[in-house]
Amino acid sequence: MIFLQRTFTSLVHAHAGRTQHGYSVQTYADRPSAMLAFNTRLPDLAIIDIGLGNEIDGGFMLCQSLRAMSSTLPIIFLTARDSDFDTVCGLRLGADDYLSKEVSFPHLTARLAALFRRSELAASQTAQENLLERGPLTIDANRMQVYWNQLPIELTVTEFWMVHALAKHPGHVRSRHELMQEAKIFVDDSTITSHVKRIRKKFIATAPEFDCIDTVYGMGYRWDSLA
């Protein structure tokens, strides 16, 4: 999505219909109309002029707002203001790139493609970081789902975070207090013991051979990936 001051409208209109680039373009003339749209749905990428509507520095404020809404949204400034001061301000406020209005359309699309590649790579890496695999165990932290040999294990939120805490560092003993912190609950030790018993039963219901949660008496519990 692209939102610009009127000086760049011709650039957008000239190329908005070019489907060969695969971009769907939406324009906004001022910050309030842009924010109204983005409070409903964020764009895949934002191109911003500094001056928006009657606001001389509206683009800076919009960039700051968008960056607060998403740390990964690609943002480019496209503006006639090419001073070092404005460039540094734009980048410090969270923009990924800063271009002058003299840039050619092929140059702009090349920058867009590069930003999209970087964004997709970051998203892929984040997804991998949130996917924990320990032998037959798979934990998807984004979806809060646990699988054993690709079969879902139905856990409560508390049970999910306890399993996540144990499996994240196999072989390490996690105290009952640490498990409480991971699950964001505050209960007595016997309640933690009851949670662990229920977790074991749920895994055993799917995999009778399950024996990966060791009790370390007087200390806590440990995930044994070699079990």
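No gaps in the numbering here: position 214 of the sequence shown is 1576 in my numbering, and each next residue is one more.
The beta carbon of each residue, even a glycine, is placed where N, CA and C say it ideally should be.
Would you call residue i buried or exposed, if buried means 16 or more other Cβ atoms sit within 10 Å of its Cβ?
i, result
"R1536", "buried"
"Y1390", "buried"
"P1514", "exposed"
"P1405", "buried"
"R1480", "exposed"
"L1528", "buried"
"M1581", "exposed"
"V1520", "One detail in the question is off: residue 1520 reads as Thr in this sequence, not Val. Per the 10 Å Cβ criterion, buried."
"I1575", "buried"
"L1398", "exposed"
"G1452", "buried"
Helix or strand or just coil, what does DSSP make of residue i?
i, result
"I1412", "coil"
"I1575", "strand"
"V1525", "helix"
"R1536", "strand"
"D1551", "helix"
"L1455", "coil"
"E1516", "coil"
"L1470", "helix"
"D1419", "coil"
"L1428", "helix"
"Q1543", "helix"
"R1496", "strand"
"L1398", "helix"
Check the C-beta distance from residue i over to residue j and give it rounded, since I have them as a contact under 8 angstroms.
i, j, result
"F1467", "P1436", "Not confirmed; about 18 angstroms, so no contact."
"D1448", "S1462", "Going by Cβ atoms, the distance from D1448 to S1462 rounds to 10 angstroms, so no, they are not a contact pair."
"H1526", "L1494", "7 angstroms"
"L1517", "K1564", "6 angstroms"
"H1534", "R1473", "With a Cβ gap of about 45 angstroms, H1534 and R1473 do not count as contacting."
"P1532", "D1586", "7 angstroms"
In chain order, what residues of the same chain lie with their CB nearer than 6 angstroms to the CB of residue i, ignoring the 5 residues before and after it?
i, result
"T1500", "Y1509"
"M1506", "F1522"
"S1372", "Model confidence at S1372 stands at a pLDDT of 43, short of 50, so the residue's coordinates are unreliable; what they give is reported in the following sentence. Counting only Cβ-Cβ distances below 6 angstroms, and skipping sequence neighbours, we find nothing."
Is the closest heavy atom of the ligand SAH to the C-beta of residue i under 7 angstroms?
i, result
"A1529", "By its list of ligands, the structure shown contains no ligand whatsoever, and the ligand SAH lies outside what it can speak to."
Excluding the 5 residues preceding and the 5 following residue i in the sequence, name in chain order all residues of the same chain whose CB lies nearer than 7 angstroms to its CB.
i, result
"D1458", "P1436, I1437, I1438, L1477"
"D1419", "I1412"
By Cβ distance, which residues of its chain are closer than 8 angstroms to residue i, with the 5 residues on each side in sequence left out?
i, result
"S1432", "L1404"
"L1455", "F1422, C1425, Q1426, R1429"
Inset, instruction - For the region 1408 to 1420 and the region 1436 to 1449, state whether three or more C-beta atom pairs, one from each stretch, are separated by less than 8 angstroms. - result: yes
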